[in-house]
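Working notes, beginning with the structure itself.
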Ligand SMILES: [Zn+2]
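Residue numbers (the working numbering): 1 to 412.
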């Protein structure tokens, strides 16, 4: 019964993913035959043709990857391999929290292996074909190795702590677990830009000059009071450009990709900076944190309930009452359910983007620099200008350029 439901969930998600991809591909084909008027303002003919080809190539690879993911998930769930491996770990290491954490990490690492060839192909064939890949194989391999080190170095103590809570705190372990994980995330928000990001990228404060003066003046005017603006060497991996905001309070920081600085005029960069400050000033960081806290609280309550319910572990061949397998199953199967909620989360994210755009327009005094920055970014990144509304509604964390321009035109 439980396994039948899991099989149905795997099938339903895959069907939805492939259906959305097909809808989007047909919308892009239609757009390329007769480009909507809004396209001409953003891209010239040859660039638009390349954006269409890029989008279609990504959709094809995405479909193959999604089929592969579903096949791997079905194989590990229905083959009995997971409980077999669990029994082995338990034999080697009788201490429950220790062996549980090792088991979860080993399984997680093994299950990430099938995605490696897709990742490699995406970087060195797809991205390379459209001129975006700028890193070599060595860098790619080093990134993966560093990711593994982080997963073990950070993941092990966290998992070990979580699994050890049961013995110390009994039935309320999941409340403590939630507090532990959430507190850990707050600490990581501060440490990430200081310790982890510099391990992958070089961050340098924007050098003195007109651009710096102009950007800091804008930050001052909007009450953000930045001391530095960091430039990140994103160009060592990819020609894609971006900007982002990390941390909170005293630890807040705005990072601009070097590729972005090279592509935009100072006025347009000020608009991008104002947009990022808008996220901060409109309280998007605490809102997203509260949303994440709510979801995680629910997640922990669910894991605690599933761990108490003997039928759940048993249905997948695990001993009842063991917490590590329940965590693993939650991690593996949670995505099958969360998938259907992603449109809701993206809806919140897109609302935040509109708010940050409106803030930027007000901060720089006119819509033109914001619009120009958006158009240039779409052009340089070969964004899909004509996604199917169902596809963008489901997956897009940012509204399309046309939607953002329309919203900006409506702001007083
Ligand atoms: Zn944004």
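Where a beta carbon is used, it is the ideal one built from N, C-alpha and C, also for glycine. Bear in mind the structure is a predicted one, so any value in this text is a computation, not a measurement.
By how many angstroms is the C-alpha of residue j removed from the C-alpha of residue i?
i	j	result
residue 60	residue 17	12 angstroms
residue 147	residue 327	21 angstroms
residue 249	residue 79	48 angstroms
residue 317	residue 325	10 angstroms
residue 20	residue 90	42 angstroms
residue 73	residue 122	21 angstroms
residue 223	residue 356	15 angstroms
residue 334	residue 65	19 angstroms
residue 29	residue 342	26 angstroms
residue 275	residue 189	20 angstroms
residue 141	residue 159	26 angstroms
residue 174	residue 344	26 angstroms
residue 113	residue 287	34 angstroms
residue 13	residue 3	15 angstroms
residue 246	residue 185	13 angstroms
residue 320	residue 82	14 angstroms
residue 300	residue 309	14 angstroms
residue 198	residue 126	27 angstroms
residue 132	residue 381	8 angstroms
residue 205	residue 244	15 angstroms
residue 15	residue 9	10 angstroms
residue 70	residue 169	37 angstroms
residue 298	residue 272	35 angstroms
residue 338	residue 291	14 angstroms
residue 340	residue 221	41 angstroms
residue 6	residue 312	12 angstroms
residue 75	residue 120	23 angstroms
residue 217	residue 280	17 angstroms
residue 105	residue 86	12 angstroms
residue 329	residue 98	18 angstroms
residue 409	residue 38	14 angstroms
residue 47	residue 262	19 angstroms
residue 200	residue 143	7 angstroms
Whole-angstrom Cβ separation of residue i and residue j, contact assumed at under 8 angstroms?
i	j	result
residue 364	residue 378	Going by Cβ atoms, the distance from residue 364 to residue 378 rounds to 19 angstroms, so no, they are not a contact pair.
residue 278	residue 360	5 angstroms
residue 336	residue 166	About 26 angstroms; that fails the 8 angstroms criterion.
residue 163	residue 101	6 angstroms
residue 270	residue 369	7 angstroms
residue 375	residue 42	5 angstroms
residue 264	residue 367	Not really, about 16 angstroms apart at Cβ, beyond 8 angstroms.
residue 178	residue 362	Rounded, the Cβ-Cβ distance is 38 angstroms, inconsistent with contact.
residue 130	residue 50	7 angstroms
residue 134	residue 26	Going by Cβ atoms, the distance from residue 134 to residue 26 rounds to 32 angstroms, so no, they are not a contact pair.
residue 252	residue 230	So it is not a contact: roughly 11 angstroms between Cβ atoms.
Across which residues does DSSP place residue i in a beta bridge pair?
i	result
residue 203	232
residue 257	232
residue 246	253
residue 238	133
Determine, using beta carbons only, whether residue i comes closer than 7 angstroms to chain C.
i	result
residue 203	Given the protein chain composition of this structure (a single chain), no chain C is represented.
Notebook entry, point to check: With contact counted as at least three CB pairs below 8 angstroms, one residue from each stretch, are the region 87-97 and the region 23-36 in contact?
Noted result: no
Item checked: Cβ contact check for the region 342-360 and the region 396-407: 3 or more pairs under 8 angstroms -> yes
Check: Which runs of the alpha helix (DSSP H), 4 residues or longer, sit entirely within the region 87-170?
Finding: 96-112, 115-121 and 137-169
Item checked: Validate contact between the region 229-236 and the region 254-265 using beta carbons, cut 8 angstroms, 3 pairs -> yes
Notebook entry, point to check: Touching or not, the region 376-390 and the region 305-320, by the rule of three or more beta carbon pairs under 8 angstroms?
Noted result: no
Check: Three or more C-beta pairs closer than 8 angstroms, one from the region 151-168 and one from the region 101-113: is that the case here?
Finding: yes
Note to self: Runs of 4 residues minimum, wholly inside the region 276-361: which ones carry the alpha helix (DSSP H) assignment?
What the structure shows: 284-308, 310-315 and 323-338
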